[in-house]
Amino acid sequence: MSKMHALTGNEAAAYAMKQIDPDVVPAYPITPQTELMQTFAQYVADGAVQTEMILVESEHSAMSAGVGASAAGARVMIATSANGLALMWEIVYITASSRLPIVMAVVNRALSGPINIHCDHSDSMGCRDAGWIQIYSENCQEVYDNMVQALRISEHKDVLLPVMSTHDGFIISHTVERVDALKDEEVKKFVGEYKSLYPLLDVSKPVTYGPLDLQDYYFEHKKQQAEAMKIAKRVILEVGEEYGKLSGRSYGLFDEYQTEDAEYIIIALGSTAGTAKAAVDDMRAMGKKVGVIKLRVFRPFPAPELVQALSNAKAVAVLDRSEGFSGIGGPLFQEVRSALYRKADMPVSGYVYGLGGRDITPEMIAGVFGDLKEGRIHEDEAFHLGVRE
Amino acid sequence: MSNIIEIRWHGRGGQGAKTVAEFLALVALNEGKYSQGFPEYGPERSGAPIKGYTRISEGRIKMHSAIYHPDIVLVLDSSLLDSVNVCDGLKEGGIVIINTTIPIPELVKKYAFLNGKKVWTLDANQIAKDEIGKAIPNMPILGALVKASEVVKMDSVINDIREEFTKKFPPKILEGNIKAVKRAYEEVSGG
C-alpha cells in the first residue's frame, strides 16, 4: 500500500502538501521552517502540484493572503516558526474567528530574544488561546500523518477551525527518518475535493467576512467558536480512526505508552515523548512500573480523557518546553493540574526543560521518574530541568 | 537501547559530515532497517567543527536526543584531534575511524583518548582527490565504515549512491564517488 521514504520532518510535511495539492500557499521563509516551503516550492516549480504560491514580504502578509484566499473559497496551507508566527499574531486570531479552515505547519522554535533558532514550544504555546486546533507530532512519520489528517479536521463542517500541526525545530524538522507515505490517490481521496461552504466569490450567495461585531453579537460568535472547538475533539477521533483504517496508523487525542499498570507517568509533547518512551523501555527492563502519555492534541484540551488515563497513577510529572512565566509552571502543567482538580488526588509535578533547544536525554527522563518515586514533587513552582545554576 | 547502533561524525563545515550522516541513514533504511540521520546545528561556517549523528536499528527508533555514547566515531579531519575529544562517551572497545596519514601507533601515543579503542585510519583526502577530484572525505570514510563495522552492506551503499546522486552529479563524479568508496574499503587499516 504505502511507499517508504527517507525524509526530514520538513520534507515529510512538504510531501504531504504535495499529495494534498492545496489551491493556495502563501510563503515567507524563517528558520527552521524554510526548508519545508523550499521543498514545496520545488514541487510547484516542477509542476507536480497546481498550487498557486504567493510569495509575500512578511509573515503578517502571508497569513493575510491565506485569510483572503480561504475566504474566497480556496484550500489554503501555510507554514512558519517562532518570530514568524509572532508577526502573524493579529491575523492568527482573525483566521480562527473568521472560521477559515487553514492548516499551518508550525516548526517549533524558541521566540527571541535572545536570538535562538532551536526548538522550544514558546511560539505555539503563545497562541494557545487564539482559537486554533493544535496537534503536536513526535517524529517524521507523525508529521506526515498529522498534516494529512489536519485538513479533514479543519474543513469538517461542524468544526471550521484552523489547525496548527507542529513539529520540533531541528530535532524533527532536520532529522532524516523513515516515513511510510500513502499513495497520491489515497491522500487525494482521503482529503477529498474542497468545497467552501461560504465562499466570498459566490456572488449568488453574498456573505460578509470580518465585519464590525460589537456588544450585540461578538460574544455569541466567541461562544460558537468555543462550541466548535468542543466538537473538534469528536472529529479528531473520527478522522484518526478513519486514517488508521487507511494507513494502519490510527490516532487519538493522546498516546498512552506502558501506562496500564504504571505507578508513575510522564506527560510530554512532541519529540520528547519519544525520548521518554525510550527511557521507559530501559526502566521497564529493570522492572520499574513507569509510563508516558504523549499529548497529541493540546487544543482542544482532552481533560476528562486524561483524567481517566491517569486515574491509577501514584504521581504524574508534566514536562513543558516553554516557560509561561506564571511562577507556578508551564502551560501544559497548568492544564493537566486543572484537569485533575477534584477528579483525582495525586501529586502533579511540573518541569520546564529544553528551552532554546537544550537537549533532553533518556537519563534526564529517568531522573524525573526517580523524583516522582522518591516524593520530590514540584507542585508550587516548576523545576527547570537541565539548566545550569 | 542496546539494539540501536549509534554513530557520531566529527568534521569541519564543508567536509560533508551532514550529508554522509543522513546518507548512511538512507542506506540503512533501504536495507529495511530503521534509522535517523541528523547534524548538530550551530552557527554554520565553513571550517568550523561540526558533528553529525546516525542511528540504525532493526526496530523503530523512539529516542530523539543527541548521541552521547556512540558505538562508532568517524573523524573527517584529523586536526580536530587536537581540539576535540572525539572519543568522548565512546563505548569501551568502540570503533574510531580517522582520516589521516599518521600511523596508528603514533596516533594512540599522541592522543591518550584513543587508548582501548579500535582505531582505523585511511587517507580519505587523497582518495577523494584522486577519484572525485576534490578533497571531500565523506564518501571514502563511509567506505571505511563498511569495512570496519558492516553496519550496512557495500552493495547497498553503491546502489544508493547511484539512486540518490544521479540527478545531482555528472556521471564522472558519480562513478568517482563509487570508486572512492570501494578504494577506501580496501585501503583502510587497523581494528
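Going down the list, the protein sequences come from chains A and B. If you read the first sequence in this note's numbering, its first letter stands for residue 1, the second for the next number, and so on. If you read the second sequence in this note's numbering, its first letter stands for residue 390, the second for the next number, and so on. Every residue, glycine too, gets a C-beta built ideally from N, C-alpha and C. Note that the coordinates shown come from a computational prediction; the quantities given were computed from them, not determined experimentally.
Ranked by how close their Cα comes to the Cα of L253 of chain A, the residues A:F301, A:T80, A:E52 have A:F301 in first place.
The shortest C-alpha to C-alpha distance from M37 of chain A to any of A:E57, A:A13, A:L372, A:V49 is the one to A:A13. Within the same chain, Cβ atoms closer than 6 angstroms to the Cβ of S70 of chain A are found at V76, L100, I102, the five residues on either side in sequence being excluded. Take the alpha-carbon of N83 of chain A and the one of E59 of chain A: they are about 9 angstroms apart. Remark: C-beta atoms of V176 of chain A and Q19 of chain A do not approach each other more closely than 8 angstroms. Judged by beta-carbon spacing, I525 of chain B lies beyond the 8 angstroms limit of Q425 of chain B, meaning their Cβ atoms are not closer than that value. Listed along chain A are E177, R178, each with a C-beta nearer than 9 angstroms to that of Y423 of chain B. For D168 of chain A, the uninterrupted beta strand (DSSP E) segment begins and ends at 163 to 168. Residues of the segment 448 to 482 of chain B that bring their beta carbon within less than 9 angstroms of a beta carbon in chain A comprise R449, I450, K451, M452, H453, S454, A455, Y457, in sequence order. Assigned with DSSP and collapsed to three states, S578 of chain B falls in strand. Close partners of A45 of chain A in chain B (Cβ separation under 7 angstroms) are lacking, with about 15 angstroms as the shortest Cβ gap. Interface annotation, E395 of chain B: not in contact with chain A, CB-CB separation never under 8 angstroms. DSSP places I265 of chain A inside the beta strand (DSSP E), whose first and last residues are 264 to 268.
Leaving aside the five residues that flank V475 of chain B on each side, the residues in its chain whose CB is nearer than 6 angstroms to its CB run, in chain order, H399, V462, V464. For E575 of chain B, no chain A residue has a C-beta closer than 7 angstroms to its own C-beta; the minimum C-beta separation is roughly 28 angstroms.
Counting along the chain, S122 of chain A sits inside the alpha helix (DSSP H) bounded by residues 122 to 126. A straight-line Cα-Cα distance of about 9 angstroms links S446 of chain B and L418 of chain B. Inter-residue distance for I530 of chain B and D180 of chain A is about 29 angstroms (C-alpha atoms, whole angstroms). The Cβ-Cβ distance between V316 of chain A and I365 of chain A does not fall below 8 angstroms.
Following the DSSP letters along the chain, one finds V352 of chain A in no alpha helix (DSSP H) but inside the beta strand (DSSP E) bounded by residues 348 to 353. Contact annotation, Y209 of chain A with L200 of chain A: C-beta distance approximately 6 angstroms; criterion of less than 8 angstroms satisfied. Less than 8 angstroms divides the Cβ of I135 of chain A from the Cβ of N146 of chain A.
Look at K288 of chain A: its C-beta is not under 8 angstroms from any C-beta on chain B.
Your pair Q225 of chain A and A130 of chain A does not check out as a contact, with CB atoms roughly 10 angstroms apart and the cut at 8 angstroms. CA-to-CA, the gap between D282 of chain A and I486 of chain B works out to about 29 angstroms.
G478 of chain B and E395 of chain B have their C-alpha atoms spaced approximately 11 angstroms apart.
By the Cβ neighbour-count rule, V387 of chain A is exposed, with fewer than 16 other Cβ atoms within 10 Å of its own. Measuring C-alpha to C-alpha distances from G240 of chain A to each of A:S154, A:S322, A:R321, A:A228 identifies A:S154 as the nearest.
Within the segment 404 to 416 of chain B, the residues whose Cβ lies closer than 7 angstroms to some Cβ of chain A are E411, A414, L415, listed in chain order. F170 of chain A reaches chain B at Y430, counting residues in chain order whose Cβ is nearer than 7 angstroms.
In this structure, DSSP gives E242 of chain A a helical state, which the three-state scheme calls helix.
Taking a contact to require three or more Cβ pairs closer than 8 angstroms, the segment 373 to 385 of chain A and the segment 347 to 358 of chain A qualify as touching. The three-state secondary structure of S468 of chain B, taken from DSSP, is helix.
A straight-line Cα-Cα distance of about 30 angstroms links K205 of chain A and M17 of chain A. Your pair P32 of chain A and V56 of chain A does not check out as a contact, with CB atoms roughly 19 angstroms apart and the cut at 8 angstroms. From the beta-carbon of T275 of chain A, the residues of chain B found nearer than 8 angstroms are K451, M452, H453, S454.
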